[in-house]
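Worksheet for the structure shown next.
Protein chains in written order, with this note's numbering: chain F, 5 to 331; chain Y, 1222 to 1596.
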């Protein structure tokens, strides 16, 4: 328990590395673009860009904390997003499930997450490969829902405006993300469901010997991750005003990179939801800043990759001398 | 006696010759069924139509599949759809699996990557079937130098398509203003051609300034995110948005809708997706969408499959096709708010189009290879 306490203190200290990277990017881009970057409108643009990956990142953090990985994000986003659009008033069907459409979409995501966890825990298949498969199962569901008819568009002209409008000063999509973060943080700090993943990630063998039902917590974590991806799919589809199977394109890389940059290593056992929030902000700021600074599109992905590697080095800097295995 | 024996022997010899010739004839029969054509031909029952799509969740691909299905139904030949999920390897493996079924393949292909084409040509050569490729082909590969089995390559003139959007955008801005451009991906020939069409138009209209160019990967969601950043960067300086495809235009359109600037910005796309045509007919957002080049996956797939099919059954002689028929560009239209309503019914495909096509698979051919000029 004391060991755990001191570990947490170290983690708190290490958090500043990620914040320092974020501050560095903000200062750098503000100097490069003094009139466009440090503005309220642009901050809202960054937060709006960060909303979807933040929601996914909260769920992904629980999975990564246990040393597992969930690659099914983009498939679940596509399936849940299309389910939401087709159950809401749209150009193709006459369905109008109201808020129920969001509930069904989230349940679909949680179900796919559950399926990943069941195959992993019952049949002992690594999560990397099961969730990779589930990515394509999700895309397959999305393809079936999409069919070969015209792309479904949301009928409510106000629906696409909702995620970006900011009646409270911050865009609605980021407020939803903050709500998910708050929930994730409360679970992480004050419930057994939040604490056990650290124990499993630190040493799964010990966790098993001490009677922790690892499989059950895996199921919880993947269901949470699936539900978060589904909610992200709903918000992204709402923003698009249309159903698209590839609505989550690029989100696996974005989110997992954010989790790691934030300081939750893929080996698990340390890190947390708030760190992921910072990781997402680093990448969203970078994405925005590179465009604002006029970096040539052909160089943007290379620069993003370099910053990702540098940030991962910085995030792991305090741990580099510890006797540990890095895979 | 000996004479009689000789007669019997000669008779036996002739009978054997006849039998051999008959058997040989039966064996090579498909190849000589149409003595007028130079390439091997087959009866309809030996054929399998194969159409490839990059994915099945894009309006263009959905239209492509529909065109393939409608033609297959008209011809009465089975059809298989190979879906590659954006993977060159999956595409190649899918085509090879169809070729292994034992039938002669008639393939129309929309390659994931140009580099896939030579391997597919090899597969079809080995199978003895026929293929037609649309959109992408590696430099140096040409149907006429690849043998008779690679019958034709077809494309739409991307420069003309890019100009359709750009010219109407310039006109809507009254020749003065600032625009942003969203091409597809950097290394796509199709995207580069359309972008060249934009640049050519801007050269003639120096008062329209191109503020920024950000490729959006042909994707609606990426276009939305990218445009949000560009709005943050240029705020109310943007008067127009040129895109290399309607999916990206719809993403950009939504970003300006969210920013509350839809009625102050003009948009042009490519592909004339039905929802985009609807936006033009409705003159949504103060007539925000000003143009989109028209062509359909339906038409490309049906045309390609039919050319391959006609080569396979011997209705056309591959060696006698003109250079334009083997590598040519097909007609595109330019949809604007003025003529958009003509394109609303049946996805813009004229009634009886398929029947006309079956009479002449090259009916929409308008020229040879697209000429590229340096910018």
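From the three backbone atoms N, C-alpha and C, an ideal C-beta is built for every residue, glycine too.
Self-check item: residue 1250 of chain Y versus residue 1266 of chain Y: straight-line alpha-carbon distance, rounded
Solution: Legend: pLDDT at residue 1250 of chain Y = 44, less than 50; position of this residue unreliable, value from coordinates given subsequently. The straight-line gap from Cα to Cα measures roughly 14 Å.
Exercise. For residue 1287 of chain Y, return the contacting residues in chain F, with the cut-off set at a CB-CB distance below 8 Å.
Key: At a C-beta separation below 8 Å, residue 1287 of chain Y has these neighbours in chain F: 152.
Practice problem: Pull up the distance between the alpha-carbon of residue 108 of chain F and that of residue 71 of chain F, whole angstroms please. | Solution: 29 Å
Self-check item: Test: residue 6 of chain F CB closer than 8 Å to a CB of chain Y
Solution: With a pLDDT of 46 at residue 6 of chain F, under the threshold of 50, the modelled position of this residue cannot be trusted; read the value that follows with caution. Judged by the 8 Å Cβ criterion, residue 6 of chain F is not in contact with chain Y.
Practice problem: Take residue 258 of chain F as the anchor and find which of F:22, F:64 and F:49 has the nearest alpha-carbon. | Solution: F:64
Self-check item: Proximity test, Cβ basis, 8 Å: residue 1596 of chain Y and chain F
Solution: Per-residue confidence for residue 1596 of chain Y stands at a pLDDT of 41, beneath the threshold of 50, marking its modelled position as unreliable; the derived number appears in the next sentence. No, no contact with chain F.
Self-check item: Check whether residue 1551 of chain Y and residue 1578 of chain Y have beta carbons under 8 Å apart
Solution: no
Exercise. Apply the 10 Å Cβ neighbour rule to residue 274 of chain F and answer buried if 16 or more other Cβ atoms are within range, or exposed otherwise.
Key: buried
Practice problem: Using three-state DSSP, classify residue 242 of chain F as helix, strand or coil. | Solution: helix
Quiz prompt | For residue 70 of chain F, the first and last residue of its enclosing alpha helix (DSSP H) | solution = Here residue 70 of chain F belongs to no alpha helix (DSSP H), and DSSP marks it neither H nor E.
Quiz item: Of all the CB atoms in chain F, is at least one closer than 8 Å to the CB of residue 1445 of chain Y?
Solution: With 8 Å as the cut-off, residue 1445 of chain Y counts as an interface residue toward chain F.
Self-check item: As assigned by DSSP and simplified to three states, the class of residue 49 of chain F
Solution: helix
Quiz item: Along the chain, which unbroken stretches of the alpha helix (DSSP H) at least 4 residues long are found entirely within the region 1375 to 1446 of chain Y?
Solution: You should have 1379 to 1393 and 1410 to 1425.
Quiz item: Do residue 1491 of chain Y and residue 1415 of chain Y have their C-beta atoms closer together than 8 Å?
Solution: yes
Quiz item: Who pairs with residue 28 of chain F in a beta bridge, going by DSSP?
Solution: Note: residue 28 of chain F sits in no beta bridge, so no partner.
Quiz item: To the nearest angstrom, how far is it from the Cα of residue 182 of chain F to the Cα of residue 156 of chain F?
Solution: 29 Å
Quiz item: Leaving out five residues before and five after residue 135 of chain F in sequence, what residues of the same chain have Cβ atoms less than 7 Å from its Cβ?
Solution: Same-chain partners within the cutoff: 73, 74, 75, 76 and 120.
Exercise. Keeping to the same chain, check which residues put their C-beta closer than 6 Å to that of residue 1371 of chain Y; ignore five residues upstream and five downstream.
Key: 1342, 1352 and 1364
Self-check item: Three-state secondary structure assigned by DSSP to residue 1271 of chain Y
Solution: strand
Exercise. Evaluate the contact criterion for the region 1562 to 1576 of chain Y versus the region 1389 to 1405 of chain Y: three or more CB pairs, one atom per stretch, below 8 Å.
Key: no
Quiz item: With distances taken between CB atoms, is the gap from residue 1317 of chain Y to residue 1344 of chain Y smaller than 8 Å?
Solution: Yes, they are a contact pair.
Exercise. Would you check if there are 3 or more beta carbon pairs closer than 8 Å linking the region 240 to 259 of chain F to the region 84 to 93 of chain F?
Key: Taking 8 Å as the limit for Cβ pairs, the verdict is that the region 84 to 93 of chain F does touch the region 240 to 259 of chain F.
Exercise. Mind checking which residues open and close the beta strand (DSSP E) that includes residue 1510 of chain Y?
Key: 1510 to 1515
Quiz item: When DSSP labels each residue in this structure, what does residue 1351 of chain Y get in the three-state scheme?
Solution: DSSP places residue 1351 of chain Y within a strand segment (E or B) once states are collapsed to three.
Quiz item: DSSP on residue 1487 of chain Y, reduced to helix/strand/coil?
Solution: strand
Self-check item: Whether residue 289 of chain F touches residue 276 of chain F by CB criterion (8 Å)
Solution: no
Self-check item: Rounded separation between residue 1246 of chain Y and residue 1264 of chain Y - CA only
Solution: At residue 1246 of chain Y the pLDDT is 44, less than 50, meaning the model places this residue with poor confidence; the figure from the coordinates comes in the next sentence. Computed Cα separation, rounded: 15 Å.
Exercise. Using the DSSP secondary-structure output, state which residues sit across from residue 158 of chain F in a beta bridge.
Key: F:94
Quiz prompt | Span separating the alpha-carbon of residue 1203 of chain Y from that of residue 1521 of chain Y | solution = Not covered by the structure: residue 1203 of chain Y. The range shown for chain Y is 1222 to 1596.
Quiz item: If residue 1441 of chain Y and residue 1469 of chain Y are in contact, beta carbons under 8 Å, what's the gap, nearest whole angstrom?
Solution: 7 Å
Practice problem: Check each residue of the region 1404 to 1437 of chain Y: if its Cβ is closer than 8 Å to any Cβ of chain F, include it; give the result in chain order. | Solution: 1407, 1433, 1434, 1435 and 1436
Self-check item: residue 1575 of chain Y versus residue 1523 of chain Y - alpha carbon distance
Solution: Approximately 8 Å between the Cα atoms of the pair.
Practice problem: Establish whether the CB of residue 1472 of chain Y and some CB of chain F are separated by less than 8 Å. | Solution: yes
Exercise. Note down, in chain order, all residues in the region 1440 to 1466 of chain Y with a beta-carbon under 9 Å from any beta-carbon belonging to chain F.
Key: 1440, 1441, 1442, 1443, 1445, 1446, 1447, 1449, 1450, 1451, 1452, 1453, 1454, 1455 and 1456
Practice problem: In the DSSP assignment, find the alpha helix (DSSP H) that holds residue 1501 of chain Y and state where it starts and stops. | Solution: 1495 to 1503
Exercise. Evaluate residue 1227 of chain Y with the Cβ neighbour count: other Cβ atoms within 10 Å of its Cβ, from every protein chain shown; 16 or more gives buried, anything less gives exposed.
Key: With a pLDDT of only 44 at residue 1227 of chain Y, under the threshold of 50, the placement of this residue in the model should not be trusted, and no figure is reported.
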